[in-house]
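For the sequence shown, position 302 (counting from the first letter as 1) is numbered 367 according to the working numbering, and the numbering increases by one without interruption.
First comes the structure, then the notes that go with it.
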Amino acid sequence: MQDNAFKPAPDGLAQAVSLLLEGASLPVASLPDHLPETGIGETDTLRMLAPNIVGAAAALGEETAFAHMDPPTPWVTWATTLWNAALNQNLLHPATSPAAKDIERRVIDWLKPHFSMDGGHMTPGATIANLTALWAARDVAGARRVMASEHAHVSVKKSAHLLGLRYEGIAVDGRGRLDRHALPSELRDTCLVLTAGTTSTGAIDAVTPTTGAAWTHVDAAWGGGLALSDAYTSRLEGLAQADSVAISAHKWLFQPKESALVLFRDTARAETALAFEGGYLATPNIGVLGSHGATAVPLLATLMAWGRQGMAERIDRCMRTAERVHTFLARQTEAVIYAEPESGVIAWRLGDDARTRRVFDALPDGMASTTTLDGLHWIRHVAANPNTDAERVTNAIAEAIRSTTQ
Ligand SMILES: Cc1ncc(COP(=O)(O)O)c(C=O)c1O
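As structure tokens, then:
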């Protein structure tokens, strides 16, 4: 006899979609403090959870959302994520992912030329992608030390720590990019990590072939989307010189979490370190993860639905929004802007920390985040949301500055 809980329930799934659209307006129910002994059934569970989950979620696709590297996701990814949950394929084994494995290979094949790489695999985030790349750098190229700019993401330092590699932060220039002049001349034992879109300011470190590093990794967790853009792809010039690239698809490729890629210039070489055999495995296990799902399916669906041009158009729209807000801020006599928004991130502040905090507090929720740079407090915006209305943002900033002047 088939257990109904595992059978398709069209009414229940239709209810789930209605609750996604309307659940925020239902009264919030308190959830059980302890593991319930008896269940209340799927329908009541969804109804009870909707206001707590849907109603309490950050609204990442609102016209005023302009704060974080977390985009709204297109509905085609909701549908394919539902398929993924229902099918529960495991890419560790060909037998449990006959089609999904091919989908991942296809997505990698589509994307890799845009990053001048020859292969790679998906990971649940750029944290794991960075870890994987540094692991290859250590075991394939003999790197013993990791160097990255002082503005590099914490995952780079964390990965170095996990891998037993020495970590050294390198000074940044006046625009927040790794300062080439601060690099030592001898890098033969070093994995140099360049960031394409730093977390705090969006700066893009230049990729040049001249460093002599044992391995060059580009952390394009945020800025990687620019590789598919029409207008801004040249900002990632030089990627072909890198040995590996990390890209968070759940940032600027508009994917549900957890979706990212690690790509290699010479994948076969990298996989000499990353592939492990096991008696129960039909094919080698490559990378950090064991069991993992078909996150490539929503990404493939998005790329099919939009094409490269549709992806580029949305990324370029985000960039134009950042440029408009930057132009507005540049006209505010009191505002200090960290640098031009190279990859859609803007960091700015007012004369002193207390005033900057007051202006931040006066901005609508979800419009800005904060970051600390050089010991100072900065307001930060991230153009991850193609729906952001630049005018609503600039009006709100003008009002926040005005209201805190008195
Ligand atoms: C530059 C950079 N690298 C790496 C990461 C880590 O990526 P993920 O959150 O996908 O693990 C981030 C996250 O914000 C980032 O901004």
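Glycine is no exception: its CB is placed at the ideal position from the N, C-alpha and C atoms.
None of these values were measured; they are calculated from a predicted model.
Remark: the C-beta of H218 is in contact range of ligand 1, defined as less than 7 Å to any heavy atom.
For S224, the secondary structure class from DSSP, reduced to helix, strand or coil, is helix. Distances from the alpha-carbon of T145 to those of W287, L96 and L368 put L368 closest.
Approximately 16 Å separates the beta-carbon atoms of A130 and A121; this is outside 8 Å, ruling out the contact. If you ignore the 5 residues before and after S313, its C-beta comes within less than 8 Å of the C-beta of M134, G190, A191, A194, A286, W287, G289, S324 and A325, all in its own chain and listed in chain order. Under the three-state reduction of DSSP, N350 is assigned to strand. In the displayed model, M134 falls within coil according to three-state DSSP, outside both helix and strand.
For E169, the number of other beta carbons within 10 angstroms of its own is at least 16, and it is reported as buried. Sixteen is the threshold: since fewer than 16 other Cβ atoms of the shown chains lie within 10 Å of the Cβ of L227, the residue is exposed.
Across the structure, K166 and L199 are spaced so that their CA atoms are roughly 24 Å apart. Relative to ligand 1, the beta carbon of N153 is positioned no closer than 7 Å to any heavy atom. With 16 or more other CB atoms across the displayed protein chains lying within 10 angstroms of its CB, W443 is buried. Taken through DSSP and simplified to helix, strand or coil, L257 comes out as strand.
The C-alpha of G185 lies about 14 Å from the C-alpha of A202.
With respect to the 8 Å criterion, I351 and R300 are not classified as neighbours on the basis of their beta carbons.
Annotation: W371 to D109 spans about 36 Å, alpha carbon to alpha carbon. If you draw a straight line from the Cα of L196 to the Cα of A206, it comes to about 15 Å. Under the DSSP assignment, G185 falls in the beta strand (DSSP E) whose first and last residues are G184 to T188. Set against 7 Å, the gap from the CB of W287 to the closest heavy atom of ligand 1 is smaller. Given a length threshold of 4 residues, each whole run of the alpha helix (DSSP H) inside the stretch 243-323 is given here in chain order: 314-317.
Contact between G77 and V119 does not hold, since the beta-carbon distance rounds to 16 Å and is not under 8 Å. The shortest C-alpha to C-alpha distance from V353 to any of L339, V362 and G343 is the one to L339. Under the three-state reduction of DSSP output, H179 falls in the helix class.
Its chain contains I402, E405, P406 and I411 as the residues whose beta carbon lies nearer than 8 Å to that of H391, once the 5 sequence neighbours on both sides are disregarded; these appear in chain order. Taking a cut-off of 8 Å on C-beta distances, the stretch 424-439 touches the stretch 449-463, as three or more cross pairs fall below it.
H446: not part of any alpha helix (DSSP H); member of the beta strand (DSSP E) spanning L441 to V447, first to last residue.
Here the alpha carbons of K316 and A292 stand approximately 13 Å from one another. Ranked by how close their Cα comes to the Cα of E336, the residues P349, G344, Y345 and H158 have P349 in first place. If the five residues before and after R414 are omitted, its C-beta is found closer than 7 Å to the C-beta atoms of V401, T421, L441, H442, W443 and I444, all from its own chain and listed in chain order. The residue from E399, L243, D284 and R385 with its alpha-carbon nearest to that of V221 is D284.
With a cut-off of 7 Å, the C-beta of S408 is classified as distant from ligand 1, since no heavy atom of the ligand falls inside that distance.
In the structure shown, V141 adopts helical secondary structure according to DSSP, grouped into three states.
With contacts defined as CB atoms closer than 8 Å, D183 and T332 qualify as a contacting pair.
Out of Y345, S294 and E215, the CA that lies nearest to the CA of V258 is found in E215. Comparing C-alpha distances from D254 to each of R240, R210 and Q67 shows the shortest one belongs to R210.
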